[in-house]
């Protein structure tokens, strides 16, 4: 959620098992987050074929698009401009833990705060609620 720099006010969504009916978890999700300044549409899938070697999160906003491809790149598109950052595959849990430990040692704020995490969990809960109720819900 911190990508947006603002708290969403409402959410609509659809999540479910659309590709793999024999698993007990969702394989796709689409959510619209409503902000005071606009909206963002988020499309998540983890049902990509193994040959794809990654999954993506596509975030469409009123001024551009952000695509995060796991273990490979981040793309930011705004108007005619495209910025792409390729990165080396790393263990993200190790990097997250390292940043957290360094923030404790150095008495600095971690890159992602506890408040960021709590807000993200609240938004995810509202995404599930909106999907189940099939309507827009407020945060």
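Numbering (the working numbering), first residue to last: 110 to 248.
C-beta: ideal position from N, C-alpha, C; glycine also.
message: Please tell me whether residue 192 has its Cβ less than 9 Å away from any Cβ of chain B.
response: Protein chain content of the structure displayed is limited to a single chain, and chain B is not contained in it.
field: Candidates 185, 166, 224, 247, of which the one nearest residue 136 by Cα
entry: In the chain shown, residue 136 corresponds to position 27, counting from 1. Residue 136 has its Cα closest to that of 166, out of 185, 166, 224, 247.
field: Distance, residue 213 Cα to residue 150 Cα
entry: The sequence position of residue 150 within the chain shown is 41, counting from 1. The sequence position of residue 213 within the chain shown is 104, counting from 1. Computed Cα separation, rounded: 35 Å.
task: Return the Cβ separation of residue 193 and residue 181 in integer angstroms, given the expectation that the two are a contact with Cβ distance under 8 Å.
output: In the chain shown, the residue the question calls residue 193 occupies position 84. In the chain shown, the residue the question calls residue 181 occupies position 72. Actually they are not in contact, since the Cβ atoms of residue 193 and residue 181 sit about 10 Å apart, beyond 8 Å.
message: Between which residues of its own chain and residue 119 is the CB-CB distance below 6 Å, once the five residues before and five after are set aside?
response: Translated into the one-based positions of the chain shown, residue 119 becomes position 10. Shown here for residue 119: same chain residues with a beta carbon closer than 6 Å to its own, the five before and five after excluded, namely 143, 245, 247 in chain order.
- prompt: Cα separation between residue 204 and residue 211?
  reply: Along the chain shown, one-based indexing puts residue 204 at 95. Along the chain shown, one-based indexing puts residue 211 at 102. Whole-angstrom Cα-Cα distance: 10 Å.
- prompt: Cβ of residue 124 within 9 Å of Cβ of residue 240?
  reply: Walking along the chain shown from the start, residue 124 turns up at place 15. Walking along the chain shown from the start, residue 240 turns up at place 131. Contact flag set, yes.
query: Between which two residues does the alpha helix (DSSP H) harbouring residue 133 extend?
result: On the chain shown, residue 133 is found 24 positions in, with the first residue counted as 1. Element bounds for residue 133: n/a, residue is neither H nor E.
Spatial distance of residue 141 from residue 122 (CA atoms): Here residue 141 refers to the residue found at position 32 of the chain shown. Here residue 122 refers to the residue found at position 13 of the chain shown. When rounded, the separation of the alpha-carbon atoms in residue 141 and residue 122 is 6 Å.
field: residue 235 burial status per 10 Å Cβ neighbour count (16 or more: buried)
entry: Reading the chain shown from its first residue, position 126 is the one you call residue 235. Using a 10 angstroms sphere on the CB of residue 235, the tally of other CB atoms reaches 16 or more, which defines it as buried.
field: Of the listed residues 195, 197, 220, nearest to residue 207 (C-alpha basis)
entry: Taking the first residue of the chain shown as position 1, residue 207 is located at position 98. Ranking 195, 197, 220 by Cα distance to residue 207 puts 220 first.
message: Tell me the DSSP secondary structure of residue 113 in three-state form.
response: As a first step, residue 113 must be located in the chain shown, where it is residue number 4. Residue 113 sits in a helix when the DSSP states are folded into three classes.
- prompt: Residues in its own chain within less than 7 Å of residue 191 by CB, not counting five upstream and five downstream?
  reply: As a position in the chain shown, residue 191 is number 82, starting the count at 1. A distance below 7 Å between beta-carbons, with the five flanking residues on each side excluded, links residue 191 to the following residues of its chain, in chain order: 184.
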